[in-house]
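Colleague: Going by UniProt numbering, the sequence shown opens with residue 1, and the numbers climb by one from there. Just dropping this structure here.
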Amino acid sequence: MLSRPFRRLASTAVSPRHKQLVEDFFYTASSVPSIVRKQFLDPNQIQRLSLTLNRPRLYRVGQILENEIPLNGTPLAPGYHLVYFTPAALPDHLGRDGTDISYSPAEPFTRRMWAGGRIDWVKENPLRIGDEAIETTKLVFAKPKVTRAGEEIVVVGVKKTFENAKGLALFDRRDWVFRTQLSGLPPSHDYSESTGSDDAPLPLPDTSQKSRDYLQTAVSLFRFSALTFNAHKIHYSRPWCRDVEGHRDIVVHGPLNLINMLDFWRDEQADDFMIPQSISYRATAPFYAGEKYRALLERETDTTSIKLWGHNGKGDVKVGMLGDVVD
């Protein structure tokens, strides 16, 4: 999921070898039929997700989920479909870092980062607990890019559609960045200087904004990894994060932040059963376990902007994720 931050893309020329590798990958991968899977949307996943999010009720009016599972027919809250249709791969078919290698380019571009995407809902047909749903996944693009630092990367986009017995329920486009496999030691860090009393404070909301703070733990990240069957080592292995990837601690999942943004949005609605029309989002820098970060929400007419602010490990603050929700 979310890995080390990458610098803003620049106009640095793409090498012929880099371009050809991506063209070959796209030709091969796009010629394969779409992946189609069926799954029963069981209540256990939603119960455990809501508890992982520290939400004892799925909606304001509903069961206490520590005591019982949600009822069949209950609509999935926006974003909660992410705990279904999880990767199904044998251990030997995962990448070196534990990631699912479906739609991964050829070596050396083997390190995946969840970079952003967009979800569009069919408001009159939400997915519901108890549905037999169909997920169809198709590769839509693969682009070679070069960062301002001169690093070659590959940006890959897939589109997923989700259907139930009544037809289409939502579109989900996911964009991933693939970086080259690591060689040698990662950049050095003084891990004693992650965040502390000398850091700049997180921004406070102004009169037009609402705020919500988050502090993920190793336990919350483990539970989310288990729910999404995600073996990416950056979310649970501190030695891998520090000694291989150069992170200062284990990394918060991009999809977990996406769900939290959508929950913040619906908590601000008069009716928390409301489903948005869409969300467009982008991840720009990682957040880490044990470090507080803050969401600032601002509403403008029918669009709500949400930015997640955290510390950069150098005493300053930065935006690590942003999204725009359209009612």
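We treat Cβ as the ideally placed atom computed from N, Cα and C, and that holds for glycine.
1) Let's test the definition: count the other Cβ atoms within 10 Å of the Cβ of residue 20 and tell me whether it reaches 16, buried, or not, exposed.
2) Could you check if residue 267 is buried or exposed, using at least 16 other CB atoms within 10 Å of its CB as the buried criterion?
3) Looking at C-alpha atoms only, which residue of 299, 65, 33 is the closest neighbour of residue 208?
4) Beta-carbon within less than 6 Å of residue 102's beta-carbon, same chain only, minus the 5 sequence neighbours each way: which residues are those?
5) CB residue 120 to CB residue 165, shorter than 8 Å?
6) Which two residues bound the contiguous beta strand (DSSP E) that contains residue 27?
7) Sort 282, 43, 262 by Cα distance to residue 129 and report the nearest one.
8) Quick one: using the 10 Å Cβ neighbour count with 16 as the cut-off for buried, is residue 93 buried or exposed?
9) Who are the Cβ neighbours of residue 75 in its own chain at under 6 Å, not counting the five residues just before and after it?
10) Assuming contact is defined by CB atoms lying nearer than 8 Å, are residue 368 and residue 99 in contact in what I supplied?
11) Among residues of its own chain, excluding the 5 on either side of residue 174, which ones have a beta-carbon nearer than 6 Å to its beta-carbon?
12) Any idea what DSSP makes of residue 329, helix, strand or coil?
13) Going by DSSP in three states, residue 141 sits in which element: helix, strand or coil?
14) So, helix, strand or coil for residue 100, using DSSP?
15) Let me know if residue 32 comes out buried or exposed under the rule of 16 or more other beta-carbons within 10 Å of its beta-carbon.
16) Closest to residue 134 by C-alpha separation, out of 205, 311, 171, 199, would be which residue?
17) Just to confirm my understanding: we take residue 318, look at its own chain, exclude 5 residues before and 5 after, and list those with CB closer than 6 Å. What are they?
18) For the region 247–254 against the region 59–71, are there 3 or more C-beta pairs whose distance is under 8 Å?
19) Hey, is the region 286–296 in contact with the region 211–222, meaning 3+ C-beta pairs nearer than 8 Å?
20) Could you tell me the distance, in whole angstroms, from the CA atom of residue 96 to the CA atom of residue 61?
21) If contact is defined by three or more beta carbon pairs under 8 Å, each pair taking one atom from either stretch, is the region 134–150 in contact with the region 25–41?
22) What do you reckon, are the CB atoms on residue 294 and residue 243 nearer than 8 Å?
23) What does the alpha-carbon distance come out to for the pair residue 85 and residue 78?
24) Look at the alpha carbon of residue 265 and the alpha carbon of residue 48, and state the distance between them as a whole number of angstroms.
25) Quick one: Cα of residue 324 to Cα of residue 88, how far?
26) According to the neighbour-count rule (16 or more other Cβ atoms, all chains shown, within 10 Å of its Cβ), is residue 80 buried or exposed?
27) Who are residue 283's beta bridge partners in DSSP?
28) Let me know if residue 27 comes out buried or exposed under the rule of 16 or more other beta-carbons within 10 Å of its beta-carbon.
29) According to the Cβ coordinates, are residue 25 and residue 149 closer than 8 Å?
30) Quick one: what does DSSP say residue 75 is sitting in, helix, strand or coil?
Modeller: With the structure as the only source:
1) Here residue 20 refers to the residue found at position 20 of the sequence shown. It counts as exposed.
2) If you number the sequence shown from 1, residue 267 lands on position 267. Classification for residue 267: exposed.
3) Counting from one through the sequence shown, the residue named residue 208 turns up at place 208. Checked all of 299, 65, 33; the closest Cα to residue 208 is 299.
4) On the sequence shown, position 102 is the one that residue 102 refers to. Same-chain partners within the cutoff: there are none.
5) Start at 1 with the first residue of the sequence shown, and residue 120 comes out as number 120. Start at 1 with the first residue of the sequence shown, and residue 165 comes out as number 165. It is not a contact, given that the beta carbons lie outside the stated cut-off.
6) If you number the sequence shown from 1, residue 27 lands on position 27. Counting along the chain, residue 27 falls outside any beta strand (DSSP E), though it belongs to the alpha helix (DSSP H) covering 16–30.
7) Counted from its first residue, the sequence shown places residue 129 at position 129. Among 282, 43, 262, the Cα nearest to that of residue 129 is on 43.
8) Within the sequence shown, residue 93 is the residue found at index 93, counting from 1. The residue is exposed, with fewer than 16 neighbouring Cβ atoms inside 10 Å.
9) Here residue 75 refers to the residue found at position 75 of the sequence shown. So the list reads 126, 128, once near-sequence residues are dropped.
10) Here the chain covers residues 1 to 327 and nothing more, so residue 368 does not appear.
11) Here the question's residue 174 lines up with position 174 in the sequence shown. If we look at residue 174 and ignore the five residues flanking it on each side, its Cβ neighbours are 117, 158.
12) The structure shown does not extend to residue 329, since the chain is modelled only from 1 to 327, so the question has no answer here.
13) One-based indexing of the sequence shown puts residue 141 at position 141. Strand at residue 141.
14) Here residue 100 refers to the residue found at position 100 of the sequence shown. Reduced to three states, the DSSP call for residue 100 is strand.
15) The sequence position of residue 32 within the sequence shown is 32, counting from 1. Exposed, since its Cβ has fewer than 16 Cβ neighbours within 10 Å.
16) Translated into the one-based positions of the sequence shown, residue 134 becomes position 134. Ranked by how close their Cα comes to the Cα of residue 134, the residues 205, 311, 171, 199 have 171 in first place.
17) Locating residue 318 in the sequence shown gives position 318, counting from the first residue. Once the five neighbours on either side are set aside, the close Cβ partners of residue 318 are 285, 312.
18) no
19) They touch, by the three-pair rule.
20) Residue numbering aside, residue 96 sits at position 96 when the sequence shown is read from its first letter. Residue numbering aside, residue 61 sits at position 61 when the sequence shown is read from its first letter. As the crow flies, the alpha-carbon of residue 96 is around 44 Å from that of residue 61.
21) yes
22) By 1-based counting over the sequence shown, the position of residue 294 is 294. By 1-based counting over the sequence shown, the position of residue 243 is 243. Contact flag unset, no.
23) For this step, residue 85 is matched to residue 85 along the sequence shown. For this step, residue 78 is matched to residue 78 along the sequence shown. Their Cα atoms are separated by approximately 16 Å.
24) Numbered from 1 along the sequence shown, position 265 holds the residue referred to as residue 265. Numbered from 1 along the sequence shown, position 48 holds the residue referred to as residue 48. Between residue 265 and residue 48, the C-alpha separation is close to 21 Å.
25) The sequence position of residue 324 within the sequence shown is 324, counting from 1. The sequence position of residue 88 within the sequence shown is 88, counting from 1. Taking the straight line from one Cα to the other gives about 31 Å.
26) Working through the sequence shown from its first residue, we reach residue 80 at position 80. Label assigned to residue 80: buried.
27) Walking along the sequence shown from the start, residue 283 turns up at place 283. BP columns for residue 283 point to 321.
28) Along the sequence shown, read from residue 1 onward, the residue named residue 27 stands at position 27. Residue 27 comes out exposed.
29) Sequence index remark: in the sequence shown, residue 25 carries index 25 (1-based). Sequence index remark: in the sequence shown, residue 149 carries index 149 (1-based). Result no, Cβ atoms of residue 25 and residue 149 do not sit closer than 8 Å.
30) Here residue 75 is taken as the residue at index 75 of the sequence shown, counted from 1. Three-state DSSP puts residue 75 in a strand.
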